[in-house]
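This report refers to the structure that appears directly beneath it.
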Amino acid sequence: MNAAKSGVQNAPILKLPVEIIKQILEKLNPIELAIRKVSRSFEVLLDKLPCQIRKLVLWVSEDFPTIIVNDDYEIKHETENCAKNVMQKFSGILQIPNLEFESLEIFLWDEETRDMYFKLLLKYFKSRTDRIYVKTCVFGELKVSQIALILPFYQAGTLEEIHFANNGETDDLEQIVHLKQWKRAKRFVGSGDLEAYSITIQHLFHFVRFEVHIDRFSIEDAVSIRDKLLKSASFENCTLYFPQTDYLEITKIFGPMYTGSIGGTINFKAEKTWSYSLKFGPTFIQITRIESQS
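Residues 1 to 294 (UniProt numbering) make up the sequence shown, in order.
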């Protein structure tokens, strides 16, 4: 039975309400771009709508290059030049206007090819005419100097969490602390088997939460933290890991009467409405905000 005989009207998709088109697109995989070729008018319409992707992982290695979308859709190549093919697919994704990611994760695993693929990556980002909306970004095995070139393509203010997963020698976070994306983010994690990050303590305490390995921790750093805690109304918690230090001298900055064991806890009063619990040892300090019970 055809549409005319059944009384069913076939409305062109372009005449559907925008909200209906959005609902249709939500049912499709956001990476399959063939639907954009329905017509030039439809492609123009799609370019005006946000392309929302919950999670995208670009995993570049010679052994297992792949793109993972929303944890359940993979684009991978197992042929010659497979890593380059995956990079080209990622380039196609970056050409979509109005990109919005809950999480965008980029891993360049192989040391021998990392710089080559990073140059391609940077070229792809530079080809965009607008910034990408990303809430959480993860960088694996990229140098801080390289990350400093990518972060400006993410919309400052939208970016809430920055996560580095790196291995190797000490790297310098001072290379990115001037960026608006860093200054306006709320959370930071510096993990992996990296020896440590070098950074001035003051450049961490605009974050609500953070966890990071740093290359040193001094009494002056403890004083800076104390002063920040006394003033901050938004800080929630942090964990700092560092080389072994004279923790007893450092704890006296927060609790002058402390004479306890190697690991302990100090309650540090900041304001009438909040205080902090400080757990510490020779190589770490963990600070958690405690709201006063009214």
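All C-beta atoms in this analysis are idealised placements derived from N, C-alpha and C, irrespective of residue type, glycine included. Here the structure is a predicted model, which is why all the values come from computation and not from measurement.
The Cβ-Cβ distance between PHE188 and PHE210 falls below 7 Å. Residues of the same chain with their beta carbon placed closer than 8 Å to that of LYS231 are lacking, with the five preceding and five following residues left out of the count. Listed in chain order, the beta strand (DSSP E) elements of length 3 or more contained wholly in the region 117–187 are 133–140, 161–165. Residue state for TYR258 is assigned as coil, using DSSP reduced to three classes.
In the DSSP annotation of this structure, the continuous segment of the alpha helix (DSSP H) that includes LYS84 starts and ends at 82–94.
According to the DSSP assignment, VAL223 belongs to the alpha helix (DSSP H) that extends over 219–231.
Judged by their CB atoms, HIS203 and VAL177 are nearer to each other than the 7 Å cut-off. Contact check for GLU111 and THR136: beta-carbon distance about 26 Å, past the 8 Å limit, so the pair fails to qualify.
Counting of Cβ neighbours within 10 angstroms places PRO256 among the exposed residues, the total staying below 16. For ILE250, the enclosing alpha helix (DSSP H) starts and ends at 247–251. Taken through DSSP and simplified to helix, strand or coil, HIS203 comes out as helix. Annotated three-state conformation of GLU271 is coil, per DSSP. For GLU291, the secondary structure class from DSSP, reduced to helix, strand or coil, is strand. Check the Cα spacing between ASP63 and each of ILE20, LEU56, LYS84: the tightest is with LYS84. No Cβ-Cβ contact shorter than 7 Å links GLY140 with PHE101. Contact fails between the region 167–185 and the region 244–253, because fewer than three Cβ pairs, one in each stretch, are under 8 Å apart.
Residue state for ARG54 is assigned as strand, using DSSP reduced to three classes.
Taking 8 Å as the upper bound for CB-CB distance, PHE90 and LEU58 are in contact here, some 5 Å apart. Sequence-distant Cβ neighbours of LYS180 in its own chain, meaning closer than 6 Å and more than five residues away, are ALA156. DSSP, reduced to helix, strand and coil, places GLU100 within a strand of the structure shown. The C-alpha of ILE266 is placed about 10 Å away from the C-alpha of GLN286. For GLU105, the three-state secondary structure derived from DSSP is strand. Here ARG209 carries a strand assignment [DSSP, helix/strand/coil]. Rounded to the nearest angstrom, the gap between the Cα atoms of LEU56 and ASP115 is 21 Å. Of the residues assessed, GLN95 falls on the exposed side of the cut-off, its CB having fewer than 16 other CB atoms within 10 angstroms. Using a 10 angstroms sphere on the CB of GLY92, the tally of other CB atoms stays under 16, which defines it as exposed. Between SER198 and ASP172, the CB-CB gap stays under 7 Å. When the five nearest sequence neighbours on each side are left out, the beta carbons in the same chain lying within less than 8 Å of the beta carbon of GLU291 are those of THR273, TRP274, in order along the chain.
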